[in-house]
Ligand SMILES: Cc1ncc(COP(=O)(O)O)c(C=O)c1O
């Protein structure tokens, strides 16, 4: 029999969480078991989000050159809490282009993947009991990230019939005096849609109204982890132009197929005057949570790495095959702008 004291050894929160565990990881475990049983050919494991295309060919050379770079002082030493400057500059340059506003490296902090960026951001803005609105369906880890810092997730349902865009009335009903943040993700996992400018404008205006009403900023955190895996010709939204209290989380996990290297960034809207104070506070969260900026070799290599993406166009081919199959099966879906297809039928089953 298990000792009563042993049972009390963890926090009640983690004890409960261990039992439910992350749904994504659970699906991955099931899929791996099924591969053993039915073979690789029969099972397609889409659960954990490992890219299905390799990093760009140039990757190995860039990393070898970085390793051999004699000017790279202290290659394995501790990095600044904000990350190395050349990496921050490279991210600033990329998002200056994507967002259409000037972003200095001072508004960027390098993080352990996109998840690291979201976690350190939430750690820095949330007080106990603060609420974070998430349009649903959503990336299944978000509620855990929010609860990590004693926040409360509030779900705003979106519907297939409305193209998975955010509904104004439903969104407004989510707000209370405790609302601190809204996490949006576009291109969106799992629906595959991108938010229209109309949606982004609407949520920005509502956040502005409630920011003024309750007298403290309500943040919009735009999770842009898929911003460079759009279908050709599709436009990524520009949250910095719409809303002052906004931040972006990003990583090279998807567009460069490097999820295991844990390289990401948090980018703060340059319009915020206390930006440097905020970045400093967020960088302290990076240190206190002991996740720190990503590994130094990759930070150093970022300016070269970001000039490439893996062959994301290959996803378009897989997508065409899935779309054709769904059509044959007469399953309705909203045409995705990125890698995912999320059908109404599956949602209801
Ligand atoms: C929407 C979304 N955000 C964040 C992440 C986490 O990204 P990273 O592995 O860079 O931490 C994922 C991973 O699948 C995701 O789908």
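Numbering (the numbering used here), first residue to last: -3 to 345. We treat Cβ as the ideally placed atom computed from N, Cα and C, and that holds for glycine. Given the structure is predicted, the values throughout are model-derived calculations rather than measurements.
Indicate whether residue i and residue j have their beta-carbon atoms separated by less than 8 Å.
i           : j           : result
residue 248 : residue 322 : no
residue 293 : residue 62  : yes
residue 273 : residue 214 : no
residue 162 : residue 154 : yes
residue 258 : residue 159 : no
residue 122 : residue 179 : no
residue 255 : residue 47  : yes
residue 58  : residue 297 : yes
residue 130 : residue 152 : yes
residue 26  : residue 278 : no
residue 239 : residue 200 : yes
residue 237 : residue 96  : yes
residue 101 : residue 119 : no
residue 170 : residue 150 : yes
residue 183 : residue 222 : yes
Within a Cβ cutoff of 8 Å, which residues of the same chain sit near residue i, ignoring the five residues on either side of it in sequence?
i           : result
residue 125 : 146, 147, 148, 174
residue 135 : 181, 185, 186, 219
residue 82  : 295, 296, 298, 299
residue 164 : 198, 202
Check residue i in the structure and name its three-state DSSP category.
i           : result
residue 7   : coil
residue 110 : helix
residue 376 : It is not possible to answer for residue 376, since the shown part of the chain is limited to -3 through 345.
residue 321 : helix
residue 74  : coil
residue 329 : strand
residue 99  : coil
residue 104 : strand
residue 31  : helix
residue -1  : coil
residue 15  : helix
residue 120 : helix
residue 302 : coil
residue 199 : helix
residue 270 : coil
residue 312 : helix
residue 24  : helix
residue 46  : coil
residue 232 : coil
residue 286 : coil
residue 68  : coil
residue 255 : helix
residue 205 : helix
residue 346 : Because the chain spans -3 through 345 in this model, residue 346 falls outside it and cannot be assessed.
residue 187 : coil
Tell me, please, which residues DSSP counts as bridged to residue i.
i           : result
residue 239 : Per DSSP, none; premise fails for residue 239.
residue 127 : 148, 175
residue 244 : 218, 263
residue 132 : 153
residue 181 : 219
Just to confirm my understanding: we take residue i, look at its own chain, exclude 5 residues before and 5 after, and list those with CB closer than 6 Å. What are they?
i           : result
residue 224 : 251, 305
residue 340 : Only weak support exists for where residue 340 lies, its pLDDT of 37 falling under 50; the coordinates are left without a value.
residue 271 : 103, 264
Take residue i and list the residues in its own chain whose beta-carbon comes closer than 7 Å to its own, dropping the five residues that flank it on each side.
i           : result
residue 98  : 92, 266
residue 172 : 127
residue 73  : none
residue 24  : 41, 43, 44
For residue i, decide whether its Cβ has a neighbour in chain C, counting only Cβ atoms nearer than 8 Å.
i           : result
residue 190 : Structure shown: chain C not included; a single protein chain is present.
Item to check | At least three beta-carbon pairs within less than 8 Å, the segment 304 to 313 to the segment 248 to 257 | outcome: yes
Item to check | Touching by the beta-carbon criterion (3+ pairs, under 8 Å), the segment 230 to 243 and the segment 38 to 50 | outcome: no
Next on the checklist: Tell me whether the segment 70 to 87 and the segment 275 to 282 touch, counting them as touching only if at least three CB pairs, one residue from each stretch, are closer than 8 Å.
Outcome noted: yes
Checklist entry - Between the segment 103 to 114 and the segment 227 to 241, do at least 3 Cβ pairs fall closer than 8 Å? => result no
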